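Numbering (our numbering), first residue to last: 2 to 439. For reference, the structure is listed below as structure tokens.
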């Protein structure tokens with residue numbers, strides 16, 4: 002099959018092999034793994050590569066294991082599906098937006114794949130984020146280059162090869178001597194993988210694990226005797242804790258405030274955060290329980306954009322409406338720092354910039370920014386809204402509604418007199434401003 006494919010580029014390189022992207026005449030992409038030229042002279046490297054092909058052949062058509070499409074043991078290459086990314090790049094890119102359910106689902110797929118390999122008496126011995134691929138939205142385990150068929154009572158442990166598995170993910174006994182790796186060595190690697198999926202951090206030190214910390218530590222214990230015995234036991238413990246977390250979250254989510262949720266130790270789940278915001282539980286003061294923690298959490302446009310993209314346009318509109326509603330309630334109360342009024346406007350401006358495709362959301366932001374500038378006479382926010390208007394950053398679809406809001410509020414401010422109306426493209430907004438300042 003390789004003769005019918007067109008080479009495009011190298012996409013990965015290890016100590017022994019190179020992975021390149023190829024394409025067929027219909028534009029379908031494939032990944033081709035070849036043993037390096039210098040490694041072909043090394044008997045151990047050749048045996049290792051052939052063993053990898055044999056293990057993938059033994060696991061052919063199994064779910065969650067990358068498929069072996071074609072191979073050649075003499076020329077030392079094999080073809081597999083092309084992956085858009087691996088687990089490392091996926092988690093690194095999406096760590097801020099993945100909720101806990103997304104993370105657990107990924108890990109369950111990986112567990113199931115390794116469990117299948119173990120059921121066929123195959124150890125992986127190099128389970129790392131780089132060896133877990135995302136192909137057409139699904140997850141697959143690849144690179145059985147250090148794999149071993151432990152049903153065969155041989156010394157074929159490749160103790161002479163250079164690689165013993167990636168150091169941050171390899172069990173201590175495996176680092177000492179590769180052929181001493183067992184089922185529990187793969188369990189250890191899975192524990193480190195789980196930590197990475199949960200935190201997005203390299204598992205050099207897993208002592209700071211919070212969510213599912215007992216599962217992480219039970220899998221990745223340095224001492225073999227303290228480690229889960231099999232992947233099945235690991236899966237059982239994961240499901241037990243998953244059920245427990247579900248019960249805890251469902252029991253507390255109806256009562257917790259935004260401040261309490263955002264100060265908890267566990268990682269923030271965007272779905273949960275949205276639910277907590279929409280419930281808007283207030284126990285002490287609406288400013289301290291809701292407004293201040295919300296503004297502080299969404300301190301950057303990037304974080305705001307990640308959240309809004311995750312929850313979607315409809316929920317984003319509901320989010321801004323509940324925030325503005327709580328602002329309106331706060332205005333009429335005492336016991337909060339009035340110097341924070343500017344922070345309200347800056348937050349609304351971040352929201353306005355973070356979701357430009359949702360003009361309905363932008364309109365809600367503009368109306369409240371205008372109220373802070375005109376009704377509450379906040380000078381910094383006056384500069385903010387004047388900048389938005391004079392730079393013609395208001396979409397045409399909402400210009401009429403915003404102009405109507407200006408007229409309806411019927412409030413002006415001194416800085417508005419300095420606004421050059423000739424620069425404003427919307428005639429409706431020009432007339433509204435002329436109306437209130439005239």
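All residues carry an ideal CB built from backbone N, CA and C; glycine is no exception. What you are looking at is a predicted structure, and each value in this text was computed from that prediction instead of being measured.
Buried versus exposed, by CB contacts within 10 Å (16 or more), residue i
i	result
residue 221	buried
residue 306	buried
residue 426	exposed
residue 223	exposed
residue 357	exposed
residue 7	exposed
residue 1	With the chain covering 2 to 439 only, the question about residue 1 has no answer from this structure.
residue 313	exposed
residue 127	buried
residue 244	exposed
residue 260	buried
residue 120	exposed
residue 355	buried
residue 81	buried
residue 215	exposed
residue 294	buried
residue 240	exposed
residue 372	buried
residue 209	exposed
residue 16	exposed
residue 383	buried
residue 163	Any answer about residue 163 is weak, because its pLDDT of 39 lies below 50 and its placement is not dependable; what the coordinates show is given next. Its Cβ having fewer than 16 others within 10 Å, residue 163 is exposed.
residue 353	buried
residue 173	exposed
residue 1	Residue numbering for the chain in the displayed model covers 2 to 439; residue 1 lies beyond these limits and cannot be assessed.
residue 160	Note on residue 160: pLDDT 31, under 50, position unreliable in the model; the coordinate value appears next. The residue in question, residue 160, is exposed, as its Cβ has fewer than 16 Cβ neighbours within 10 Å.
residue 369	buried
residue 333	exposed
residue 178	exposed
residue 138	exposed
Paired residues, beta bridge with residue i - DSSP
i	result
residue 21	11 and 33
residue 184	According to DSSP, residue 184 bridges with nothing at all.
residue 72	79
residue 140	135
residue 66	142
Beta carbon of residue i nearer than 8 Å to that of residue j
i	j	result
residue 142	residue 66	yes
residue 337	residue 376	no
residue 343	residue 381	yes
residue 124	residue 187	yes
residue 212	residue 191	no
residue 112	residue 236	yes
residue 405	residue 430	no
residue 91	residue 34	no
residue 271	residue 308	yes
residue 437	residue 412	yes
residue 374	residue 414	yes
residue 24	residue 36	no
residue 283	residue 258	yes
residue 108	residue 50	no
residue 365	residue 325	yes
residue 32	residue 84	yes
residue 87	residue 130	yes
residue 350	residue 385	yes
residue 360	residue 398	yes
residue 387	residue 395	no
residue 57	residue 145	yes
residue 14	residue 22	no
residue 232	residue 341	no
residue 168	residue 193	no
residue 275	residue 320	yes
residue 20	residue 311	no
residue 93	residue 219	no
residue 318	residue 362	yes
residue 225	residue 217	no
**Prompt:** With a cut-off of 8 Å, do at least 3 Cβ pairs link the segment 64 to 78 to the segment 180 to 188?
**Reply:** At 8 Å Cβ cutoff, the stretches do not touch.
**Message:** For a minimum of 4 consecutive residues, which ranges assigned as the alpha helix (DSSP H) are wholly contained in the segment 262 to 309?
**Reply:** Look at the segment 262 to 309 and you find these whole runs of alpha helix (DSSP H), each 4 residues long or longer: 271 to 280 and 293 to 298.
**Request:** Report the residue ranges of all alpha helix (DSSP H) runs contained in full by the segment 75 to 136; include only those spanning at least 4 residues, in chain order.
**Result:** Complete alpha helix (DSSP H) runs here, min 4: 88 to 95 and 101 to 120.
**Request:** Within the segment 385 to 416, note down every full alpha helix (DSSP H) run reaching 4 residues or more, in order along the chain.
**Result:** If we require 4 residues or more, the alpha helix (DSSP H) runs fully inside the segment 385 to 416 come out as 397 to 410.
**Asked** At which residue ranges does the segment 180 to 230 contain complete alpha helix (DSSP H) runs of 4 or more residues, listed in the order of the chain?
**Response** Runs found: 184 to 200 and 214 to 220.
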